[in-house]
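2 protein chains.
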Amino acid sequence: MKPSIHDVAKIAGVSSTTVSRVLNNRGYISEKTKDKVYKAMEEINYFPNDLARSLFRKRTNLIGLIIPNSSNPFFGELAFYIESICTSMGYKLLLCNSLNRIDKEEKYLEMLIRNQVDGVIAVTYNRGILNYHQQNLPIVAIDHYLSEKVPVVGSDNFAGGKKAAELLIKKDCQHIVHINGPIELETPANLRRKAYEDVMREHGRQPITYEVPFHENYRNIISKLFDEQPAVDGIFASDDIIAAGVITEAKKRGKDIPGQLKVIGYDGTETIQAILPELTTIQQPIELISKTAIEILEKQIEGEFDNLPLETYLPIQLFESGTT
Amino acid sequence: MKPSIHDVAKIAGVSSTTVSRVLNNRGYISEKTKDKVYKAMEEINYFPNDLARSLFRKRTNLIGLIIPNSSNPFFGELAFYIESICTSMGYKLLLCNSLNRIDKEEKYLEMLIRNQVDGVIAVTYNRGILNYHQQNLPIVAIDHYLSEKVPVVGSDNFAGGKKAAELLIKKDCQHIVHINGPIELETPANLRRKAYEDVMREHGRQPITYEVPFHENYRNIISKLFDEQPAVDGIFASDDIIAAGVITEAKKRGKDIPGQLKVIGYDGTETIQAILPELTTIQQPIELISKTAIEILEKQIEGEFDNLPLETYLPIQLFESGTT
DNA sequence: CTGAAAGCGCTTACAG
DNA sequence: CTGAAAGCGCTTACAG
Numbered sequence: 001m002k003p004s005i006h007d008v009a010k011i012a013g014v015s016s017t018t019v020s021r022v023l024n025n026r027g028y029i030s031e032k033t034k035d036k037v038y039k040a041m042e043e044i045n046y047f048p049n050d051l052a053r054s055l056f057r058k059r060t061n062l063i064g065l066i067i068p069n070s071s072n073p074f075f076g077e078l079a080f081y082i083e084s085i086c087t088s089m090g091y092k093l094l095l096c097n098s099l100n101r102i103d104k105e106e107k108y109l110e111m112l113i114r115n116q117v118d119g120v121i122a123v124t125y126n127r128g129i130l131n132y133h134q135q136n137l138p139i140v141a142i143d144h145y146l147s148e149k150v151p152v153v154g155s156d157n158f159a160g161g162k163k164a165a166e167l168l169i170k171k172d173c174q175h176i177v178h179i180n181g182p183i184e185l186e187t188p189a190n191l192r193r194k195a196y197e198d199v200m201r202e203h204g205r206q207p208i209t210y211e212v213p214f215h216e217n218y219r220n221i222i223s224k225l226f227d228e229q230p231a232v233d234g235i236f237a238s239d240d241i242i243a244a245g246v247i248t249e250a251k252k253r254g255k256d257i258p259g260q261l262k263v264i265g266y267d268g269t270e271t272i273q274a275i276l277p278e279l280t281t282i283q284q285p286i287e288l289i290s291k292t293a294i295e296i297l298e299k300q301i302e303g304e305f306d307n308l309p310l311e312t313y314l315p316i317q318l319f320e321s322g323t324t
Numbered sequence: 001m002k003p004s005i006h007d008v009a010k011i012a013g014v015s016s017t018t019v020s021r022v023l024n025n026r027g028y029i030s031e032k033t034k035d036k037v038y039k040a041m042e043e044i045n046y047f048p049n050d051l052a053r054s055l056f057r058k059r060t061n062l063i064g065l066i067i068p069n070s071s072n073p074f075f076g077e078l079a080f081y082i083e084s085i086c087t088s089m090g091y092k093l094l095l096c097n098s099l100n101r102i103d104k105e106e107k108y109l110e111m112l113i114r115n116q117v118d119g120v121i122a123v124t125y126n127r128g129i130l131n132y133h134q135q136n137l138p139i140v141a142i143d144h145y146l147s148e149k150v151p152v153v154g155s156d157n158f159a160g161g162k163k164a165a166e167l168l169i170k171k172d173c174q175h176i177v178h179i180n181g182p183i184e185l186e187t188p189a190n191l192r193r194k195a196y197e198d199v200m201r202e203h204g205r206q207p208i209t210y211e212v213p214f215h216e217n218y219r220n221i222i223s224k225l226f227d228e229q230p231a232v233d234g235i236f237a238s239d240d241i242i243a244a245g246v247i248t249e250a251k252k253r254g255k256d257i258p259g260q261l262k263v264i265g266y267d268g269t270e271t272i273q274a275i276l277p278e279l280t281t282i283q284q285p286i287e288l289i290s291k292t293a294i295e296i297l298e299k300q301i302e303g304e305f306d307n308l309p310l311e312t313y314l315p316i317q318l319f320e321s322g323t324t
């Protein structure tokens, strides 16, 4: 049986109220009593039960994080920073991998609510979260619109898309194609596409965007792109994994990079930097995104629901390397 | 105020005991009463408080996962599978990134204990976990020895190292070098090194192993290796990130792969397959490792501490590709 | 400076 | 088939 506060009290010869007080450093307690209590705790290896504490305080210091898949380096890194920052602030993180499936997102959300999390950080397509939000559950979204009231934090996707498209134009690419996720999803990431298309038109070019349908293999789309666009000499992929796929396919087809084809990705995770440092990409400030999201979440946890910054777009950075 | 079981009871016109019974589907309850209760729950949007439940049951269904860093694709994937499997079994996952720092590992462990986790899965160097284990905390380690009593699960590192070394020999490499993590850490992963050295000696070769000191940048070691071993024509790296670093350095030095230098890594994550599919590597069965670890953990949670498989090594697979 | 009592939101014998 | 009571391990007014 795990020792409880009563066991400590008995050994120290005081009441459990007193033990609780030294535990929480609250009210006046004589040094002598404190000592006795600490010794007793040590003696029986006592650790307070946070469950009981949370139950009383109505505050768990638990944060739920819903991401599609921590296998993906971007989300893996996001999870790392969010968890690290949470820990430094006294929060604990419940991890949820939704695989972008709405049914899973909903189940996870219910689980988080049952576990009385103080707040949720979601990288999610689930607009149903709205219903839960009405219950005053603090929530912040990363790179996804959930509702008019849920704050979104992300990278400056428009600036990123613009920088990517402009680089390819500057590098004298004549036939620039963009690969993006499905646009029916209303994510700020669509701005990457919009920026590309705007830049193209500004330069009198015809934008060509290939979409990767939800849950379809992006490799097929890449292959299709090469088949249909033999003249392609510049590709802006909306994430680095796809960009890597483009490079692989180009090699297979004997296209020289950057000679015949220039490629630029998006995300710029540490993993991509380590594995494929030659990839030119737009780096998201993942740590800053994490920090900002947590700050906005904390405001809500502290009861501040008005004056929240509803949309925060953090600066991206061009990492120029070998593929351009 | 969140509704409690009492609010439901009041609306349904029954006692909270009855509400609890329909919640848990326990004992006999008339259909009529059940209906009333369900309707009441729906009406006020009631979700049971798992904290209170866990407090009573002395069972949280919480599992703590301590990994060095979810940014690393191997750990990101491990976290994904462990979380997914946990969820499918009704467990919830508390994520902890220790950065391999013992002080952090200890703090996390205490946090997990305070939160009454049912068990811990650790990818950790912390032998201090031992002390906590005495408290009957169910625990299983992945690829790290914690104590004689803590079950370890991992890939068959010896077979993997052997296969890697033998492939390079078969491919006619004359000067094969191995890069590994620091050996002072007693991890089963040292078997990768041992297997390489055994195979080399069997073939009358001199094993040469470069170690990456703890917390040092592996790139420096790679660079040093190339400087000191100009004749090197085969490298077995103990993980794919290092292997990718070798490829990058080789390119920089104008060494043709696989013509002048053959490279093989270890891990074979989905991420590496997506980003660097040309890398030959030894694939760990990450999903199987996750599943096995959870099964062994669950046995402990169910009270079975004897007859646990103390060391489980799951089969690896050679993924042969362009770098050999 | 310290303790007895009530309560956080549940569940489970026990009784009827 | 249903309810009153006790208790899980804490904390916090309240009282002294």
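Going down the list, the sequences are from chains A and B.
Per UniProt numbering, the first sequence starts with residue 1, numbered consecutively.
Per UniProt numbering, the second sequence starts with residue 1, numbered consecutively.
Cβ coordinates follow ideal geometry from the N, Cα and C atoms, glycine included.
Computed from a predicted model, the values in this text were never measured in an experiment.
Over the uninterrupted beta strand (DSSP E) stretch that includes residue 169(A), give me the two end residues. DSSP places residue 169(A) in no beta strand (DSSP E) but in the uninterrupted alpha helix (DSSP H) bounded by 157-170.
Could you tell me the distance, in whole angstroms, from the CA atom of residue 186(A) to the CA atom of residue 7(B)? Rounded to the nearest angstrom, the two C-alpha atoms are 38 Å apart.
Could you pull the DSSP bridge partners for residue 314(A) from this structure? Its beta-bridge partners are 155(A).
Roughly how many angstroms separate the alpha carbons of residue 32(B) and residue 19(B), rounded to a whole number? About 13 Å.
Considering only heavy atoms of the ligand HEM, does any lie closer than 8 Å to the CB of residue 217(B)? Within the structure as shown, the ligand HEM is missing, as the structure has no ligands at all.
What are the boundary residues of the beta strand (DSSP E) that includes residue 178(A)? Per DSSP, residue 178(A) belongs to the beta strand (DSSP E) from 176-180.
Which term fits residue 332(A), buried or exposed, when burial requires 16 or more other beta carbons within 10 angstroms of its beta carbon? The shown model of chain A, from 1 to 324, leaves out residue 332(A), and the question about it has no answer.
Closer than 9 Å to chain B by CB, residue 116(A): Yes - at least one Cβ of chain B is within 9 Å of the one on residue 116(A).
Are residue 54(A) and residue 97(A) close, meaning C-beta to C-beta below 9 Å? Between residue 54(A) and residue 97(A), the C-beta spacing is not below 9 Å.
Nearest-angstrom beta carbon gap, residue 271(A) and residue 73(A) [assumed within contact, 8 Å]: The C-beta separation of residue 73(A) from residue 271(A) comes to about 4 Å, placing the pair in contact by the 8 Å criterion.
Could you tell me whether any Cβ in chain B is nearer than 9 Å to the Cβ of residue 241(A)? It does; some Cβ of chain B falls within 9 Å.
Distance, Cα to Cα, residue 109(B) vs residue 48(A)? Distance between the alpha carbons of residue 109(B) and residue 48(A) is about 13 Å.
Taking 6 Å as the limit between beta carbons, can you name the residues of its chain near residue 319(B), skipping five residues before and five after? Here the set comprises 268, 281 and 283.
Spatial distance of residue 9(A) from residue 115(B) (CA atoms): About 21 Å.
Distance check for residue 77(A) and residue 216(B), CA to CA, integer angstroms please. The straight-line gap separating the alpha-carbon atoms of residue 216(B) and residue 77(A) is approximately 20 Å.
Leaving out five residues on either side along the sequence, give the residues of the same chain with a beta carbon under 8 Å from the beta carbon of residue 133(B). Only weak support is given to the placement of residue 133(B): the predicted model assigns it a pLDDT of 46, under 50, and the value that follows is read from those uncertain coordinates. 139, 146, 147, 149 and 150, listed in sequence order.
Show which residues of chain A have a CB atom less than 7 Å away from the CB atom of residue 97(B). Under the 7 Å cutoff, chain A gives 80, 83 and 84.
Among the residues of its own chain, which have a CB less than 6 Å from the CB of residue 122(A), if the five just before and after it don't count? Taken in chain order, the residues that qualify are 66 and 141.
What residue range is occupied by the uninterrupted alpha helix (DSSP H) comprising residue 300(B)? It spans 286-301 - the alpha helix (DSSP H) in which residue 300(B) sits, taken as one unbroken run.
Spatial neighbours of residue 99(B) within its chain, please: C-beta separation below 8 Å, excluding the five flanking residues on both sides. Contacts found: 68 and 69.
Counting along the chain, where does the beta strand (DSSP E) carrying residue 237(B) start and finish? Run containing residue 237(B): 234-237, per the beta strand (DSSP E) assignment.
Beta-ladder partner(s) of residue 37(B), from DSSP: Paired residue(s): none; residue 37(B) is not in a bridge.
Determine the direct distance from the alpha carbon of residue 104(B) to that of residue 279(A), and round the result to whole angstroms. Looking at the two C-alpha atoms, the distance is approximately 34 Å.
What residues are listed by DSSP as bridge partners for residue 120(A)? DSSP lists 64(A) and 139(A) as partners of residue 120(A).
Okay, do the region 219-227 of chain A and the region 170-182 of chain A touch, 3+ Cβ pairs below 8 Å being the bar? Yes, the region 219-227 of chain A is in contact with the region 170-182 of chain A.
Residue 283(A), DSSP secondary structure in three states: Under the three-state reduction of DSSP output, residue 283(A) falls in the strand class.
Mind checking whether residue 63(B) and residue 118(B) have CB atoms under 9 Å apart? Cβ distance < 9 Å, so residue 63(B) and residue 118(B) count as in contact.
Which residues of chain A have a Cβ atom closer than 7 Å to the Cβ of residue 111(B), listed in chain order? Ordered by position in chain A, the residues that pass the 7 Å Cβ test against residue 111(B) are 92.
Does the CB of residue 307(B) have a neighbour CB from chain A at under 9 Å? Not closer than 9 Å to any Cβ of chain A, the Cβ of residue 307(B) fails to qualify, so no.
Just checking: is the beta-carbon of residue 50(A) within a distance shorter than 9 Å of some beta-carbon in chain B? So, interface residue.
What residue from 322(A), 160(A), 317(A) and 310(A) has the CA that sits closest to residue 190(A)'s CA? Shortest Cα-Cα distance from residue 190(A) to any of 322(A), 160(A), 317(A) and 310(A) involves 160(A).
Is residue 257(B) closer than 9 Å to residue 247(B) when the C-beta atoms are compared? Yes, they are a contact pair.
Which two residues bound the contiguous alpha helix (DSSP H) that contains residue 18(B)? Residues 16-24.
Tell me, please, which residues DSSP counts as bridged to residue 209(A). Answer by DSSP bridge pairing, in chain order: 178(A).
Listed in chain order, which residues of the region 280-293 of chain A have Cβ atoms closer than 7 Å to some Cβ of chain B? Closer than 7 Å at the C-beta level to chain B, one finds no residue of the region 280-293 of chain A.
So which residues on chain B does residue 236(A) lean against when the C-beta distance must stay under 7 Å? Chain order gives no chain B residues near residue 236(A), where near means a beta carbon separation below 7 Å; the closest approach is about 18 Å.
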